[in-house]
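Add 17 to a position in the sequence shown, counting from 1, and you land on the number used in this note's numbering.
For every residue, glycine included, the Cβ atom is placed at its ideal position computed from N, Cα and C.
Everything numeric in this text was worked out from a predicted model, so none of it was measured.
Encoded as structure tokens, the structure appears first; notes follow it.
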Amino acid sequence: MIINIIRSTLYLCKDIFKINNTKVFFIFLTFLVFIVSNNSFNSNNVVLAYNNNIYNNNNFVNFLEYNSISNCSNINSFNEYNINFNNNNNNKINNKINNKNFVKEYIVMFKKYIDQKDHQIFLNNIFNKVSTNILDSFKWKIIPRNNPASKYPSDFALVEFTLPPQEEEKIKNIEIDSIINLLKQDSNIKYIFPERKIEESMLKKWQNNGDSGSSNSNSYDDSSNSNSEDEFKSLNSRNKTINHSSRKLVSISDNIQVTDLFNTKKLWSEGYSGKGVKVAIFDTGLSKDHPHFKNIVEITDWTREENSNDNVGHGTFVAGIIASGSEKCLGFAPDSDIHIYRVFNSQKESFTSWFIDAFNHAILTKMDVLNLSIGGPDFMDRPFVEKVWEMSANNIIVVSAIGNDGPLYGTLNNPADQSDVIGVGGIDYSDTLASFSSRGMTTWEIPEGYGRVKPDLVAYGSGVYGSSFRGDACKPLSGTSVSSPVVAGAISLLISSAKDKSIINPASMKQILIESADRIKGAGLFEQGGGKLNIMAAKQLLDSYKPKVSISPSQIDFLPTTSNGKETCGYFWPYCTQKLYHTGLPIIVNATIINGVGVASEITNVYWNASRNGDHLQVSFSYQSNIWPWTGHIGVFFTVPEESATFNGVAEGSVDITISTPGSADQIVRLPVRAQIVPKPPRERRILWDQFHNLRYPIGFFPRDALKIKNEPFDWNGDHLHTNFRKLYNKLVELGYFVEIIGSPLTCFDPQNYGTLFIVDPEEEFLPSEIKKIEEDVRNYGLNLIVFADWYNAEVMKMIEFYDENTQQLWSPATGGANIPALNDFLSVFGIYFGDSIYNGEVVVGERVASVSSGTSIIGFPAGGQILEASLTDLTRLIVKGRNSQSKVPILGFFQPTTMENDDLEDTGQVVVFGDSNCLDETLQKDNFDCYWLIEDILNILKQG
18 MIINIIRSTL YLCKDIFKIN NTKVFFIFLT FLVFIVSNNS FNSNNVVLAY NNNIYNNNNF
78 VNFLEYNSIS NCSNINSFNE YNINFNNNNN NKINNKINNK NFVKEYIVMF KKYIDQKDHQ
138 IFLNNIFNKV STNILDSFKW KIIPRNNPAS KYPSDFALVE FTLPPQEEEK IKNIEIDSII
198 NLLKQDSNIK YIFPERKIEE SMLKKWQNNG DSGSSNSNSY DDSSNSNSED EFKSLNSRNK
258 TINHSSRKLV SISDNIQVTD LFNTKKLWSE GYSGKGVKVA IFDTGLSKDH PHFKNIVEIT
318 DWTREENSND NVGHGTFVAG IIASGSEKCL GFAPDSDIHI YRVFNSQKES FTSWFIDAFN
378 HAILTKMDVL NLSIGGPDFM DRPFVEKVWE MSANNIIVVS AIGNDGPLYG TLNNPADQSD
438 VIGVGGIDYS DTLASFSSRG MTTWEIPEGY GRVKPDLVAY GSGVYGSSFR GDACKPLSGT
498 SVSSPVVAGA ISLLISSAKD KSIINPASMK QILIESADRI KGAGLFEQGG GKLNIMAAKQ
558 LLDSYKPKVS ISPSQIDFLP TTSNGKETCG YFWPYCTQKL YHTGLPIIVN ATIINGVGVA
618 SEITNVYWNA SRNGDHLQVS FSYQSNIWPW TGHIGVFFTV PEESATFNGV AEGSVDITIS
678 TPGSADQIVR LPVRAQIVPK PPRERRILWD QFHNLRYPIG FFPRDALKIK NEPFDWNGDH
738 LHTNFRKLYN KLVELGYFVE IIGSPLTCFD PQNYGTLFIV DPEEEFLPSE IKKIEEDVRN
798 YGLNLIVFAD WYNAEVMKMI EFYDENTQQL WSPATGGANI PALNDFLSVF GIYFGDSIYN
858 GEVVVGERVA SVSSGTSIIG FPAGGQILEA SLTDLTRLIV KGRNSQSKVP ILGFFQPTTM
918 ENDDLEDTGQ VVVFGDSNCL DETLQKDNFD CYWLIEDILN ILKQG
């Protein structure tokens, strides 16, 4: 049975139909933030990222209940923590025994910095406190870390545990877990986390063409990734025409200087060129005698290769964008002090412990700016995530690439998706969003909550010239790995020009960059953030800046724009597609508070300040009061009260938030809101999307829904209507449907408000109470149910397990593309069952064709139902036995069950099932081969009864 990793409790709606206003229980994820500043040592003044007794919390991510309109109650005590960072068990990972011993490495984080030569004594004292036979069956040792951080105190040790080979694997798992649990009980231990290998995906996704053509790494592709030589080829310099706003037509062969596009020569002429600014570049290294750089202060290697040179080219290029002094490809801050941290080896691999050591070194040596042109989907690597927060708390401005996984939404990379980090997307020279640039929203918060706005801003990242690692040469490359150092270099330049450097901190710089950015056309809030970097406008804001509190987004507008009598939704998508009405589930806005006044502060008051028609909105809030480091979050929930059920018009107001910062006067930050309220839509036009049962990586190994995708094993885009099902959402809105998303159990909605419930590609189990309720909703209340499934086969799941050499763990899928056993339990009350064979091919419905890619078939269907069969390739047989075969199998089914007890109901609801969801999923669509037309046809049939 799948264990719901994010939720440790079950919840149930009670008496939902006995009240006038249907009340729905919502949970919203915000970050628990705190500060500990009294554990520094000597002159280093390091702000530590761990909890103290004031806040009495054991984790840093917190659920807060949205209870003001709730009638769902917890069955058991509620677990306030959303993310379980110690997820080696949650991922259903099995350990693998080598020929000699069973070995595992763990990062043991301490609650204080300790001289590294004392780590052995420190851990010996902890183990000596443990009186158990378990300790007799294993050996442990501290793995030496001979790097530049070794001379400083450290807050972690890398510990290797070894068990003898004769033990059974299951027993070894239990013993390792027991050892870890014993260590965790010690008051000096902060937490223990498995060492992880970081195979940098962004290094593999640099573009070698000058345009912004699609670089969606998740595209349907039978081929594997290109090799490293191909990945770093220079751009084809044929005469490719580029149209830049207010510039003449140029070609890439003209060698565009990216610094010229921001008028940086003006700042250089005034004597500002980054001098005195310490810039840390975490990447693949740099040759110490590279001719393009003036001020290489240090080049340090953290990879155990004992080689600081760049054998890949990524690090050299990134450093060149920031600080090259070559006239061929100038950097933004050529006189800045460059500190090169080689954290990736020649194979483009790294480990969490390498980064943590290097991060500590950056803190202790007081870097000003740190560029991370890296990233990946794993936001649950706790030591990494937490140490990034700690760097921000120590006044290091961290800039990171948002990712090269566009044009799909829900593809943000960590650490750029962290609120304290400046996350940078990419544009081309025509000021158009580069298709490779990853998009928001953040997926930390779903399924229960809603994501934050990212990226923060965008910068040129397509066909940008930078330093080559082969001699005195330049070459153009593309990717958000390029956009990130453009912003990092600009920040370094701006810092050197600041009249009052005491105002510079991660929050103030983020505020300045976002507020001075130029909004680009044709891109939304979750694609461009504040807009395109504008260095000269940022300089003006910097010169007049006074420490303040701000909020992102700066406003929320639910109203579409009208052009030629037609409504369109642009920058504020998806908000401008969402009309509010009585009985609708809350629409959630997740806003980020940015405090340039101080690293730690507190939300002391929040209220809805209604203006024109603002009383027609019911507004509630969810937030963690403590803000640290520099940023916090507030969830705003919008509904329409019963007394406004017939109102039709625009409501306005603002969310007013009071922020208290120690040593400063309180400040009020306002989030203006404009919403369109309409009368309650007819039931048949309302669709409810089940988000609660959709799970994704990194909370577990959930495999891709299409088995032919070889370059990305994980399903990590959220399966949300505003991420990889965005086009489906837009289609439903275009057809005139009102679409709502439920992130709580299916016991928590009134079926009489909705015409159709959508369940697409679920991974989570269904509660018995949910199964019972939905059967009643369909049979007694006329709710239609549409289910799109996906593949599931135990043999294939076993075959796609993969072994992590670093942790010596075997990653096993938590389920298939969908959880078919759970779906079969759910649909069994209607006599409907899916099989465990996997199929590829096409389904012809009338004159149209729908694609099936790693789908399943219907193996059980009730009498009186209608099914459509298709001749499909048996992919299971091909994968397992290597044999091709075609089978004619049921793939689409319609069934109208009988009523249970409601004699007044003219028609019961209908149940429609389809064996594959890939034709709805943007991630997996090939050549625009979608099946949105099939959804439209199904909905039309359901509407006709």
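- Under the three-state reduction of DSSP output, D194 falls in the helix class.
- Cα atoms of E939 and F742: separation of roughly 6 Å, rounded to the nearest angstrom.
- The three-state secondary structure of F299, taken from DSSP, is strand.
- Within the stretch 913-955, the beta strand (DSSP E) runs of at least 3 residues that lie entirely inside it are, in chain order, 928-931.
- If only complete runs of 3 or more residues are kept, the stretch 855-919 shows the beta strand (DSSP E) at 856-862, 865-872, 875-877, 883-891, 903-912, in order along the chain.
- When only Cα atoms are considered, F719 and K214 end up about 19 Å apart.
- For E660, the number of other beta carbons within 10 angstroms of its own is below 16, and it is reported as exposed.
- Secondary structure within the stretch 659-694: the beta strand (DSSP E) runs of 3 or more consecutive residues, fully enclosed, are 666-677, 684-694 (chain order).
- Taking C-beta separations shorter than 7 Å and ignoring five residues to either side along the sequence, the partners of L749 in its chain run I704, V756, following chain order.
- Only exposed fits Q202, as fewer than 16 other CB atoms lie within 10 angstroms of its CB.
- Pairing V928 with L802 gives a Cβ-Cβ distance under 7 Å.
- DSSP, read as helix, strand or coil, puts F144 in helix.
- Spatial neighbours of T369 in its own chain (CB-CB distance under 7 Å, excluding positions within 5 residues in sequence) are listed in chain order as I124, E212, R213, I215, D398, P400, F401.
- Looking at the DSSP output, L602 bridges to nothing.
- Ranking P181, A174, K538, S195 by CA distance to the CA of I206 puts A174 first.
- At least 7 Å separates the beta-carbon of L511 from that of L474.
- In the DSSP assignment, L774 forms a beta bridge with L705, L802.
- For the options Y771, L840, G468, the alpha carbon positioned closest to that of K960 is the one of Y771.
- In the structure shown, I339 falls within a helical segment according to DSSP collapsed to helix, strand and coil.
- When A806, K146, S571 are compared, the shortest CA-CA separation from G852 is found for A806.
- Along the stretch 363-391, the beta strand (DSSP E) occurs as fully enclosed runs of 3 or more residues at 366-368, 386-389, listed in sequence order.
- With 16 or more neighbouring CB atoms inside 10 Å of its own CB, R796 falls in the buried class.
- Per the DSSP secondary-structure output, I573 pairs in a beta bridge with V690.
- Positions of the beta strand (DSSP E) runs, each at least 3 residues long and wholly inside the stretch 622-658, are given as 635-640, 648-656 in order along the chain.
- Taking all protein chains in view, the Cβ of M917 is surrounded by fewer than 16 other Cβ atoms within 10 Å, so the residue is classified as exposed.
- Inter-residue distance for G962 and E787 is about 25 Å (C-alpha atoms, whole angstroms).
- Contact between N431 and G483 is ruled out by a C-beta separation of about 24 Å, above the 8 Å threshold.
- In this structure the stretch 368-384 lies against the stretch 161-179, because at least three pairs of beta carbons, one per stretch, are closer than 8 Å.
- Every beta strand (DSSP E) stretch that sits fully inside the stretch 302-336 and reaches 3 residues is listed by chain position as 313-318.
- Close CB contacts of T621 within its chain, under the 6 Å cut and outside five residues either way in sequence, are with T675, S677 (chain order).
- In this structure, DSSP gives R162 a state outside helix and strand, which the three-state scheme calls coil.
- Between S519 and M408, the alpha-carbon positions lie close to 17 Å from each other.
- C-alpha of D574 to C-alpha of A668: approximately 11 Å in a straight line.
- For E757, no alpha helix (DSSP H) segment is defined; the enclosing uninterrupted segment is the beta strand (DSSP E) at 755-759.
- Nearest neighbour of K596 by Cα position, chosen from N411, E953, N665, turns out to be N665.
- Counting along the chain, V750 sits inside the alpha helix (DSSP H) bounded by residues 743-751.
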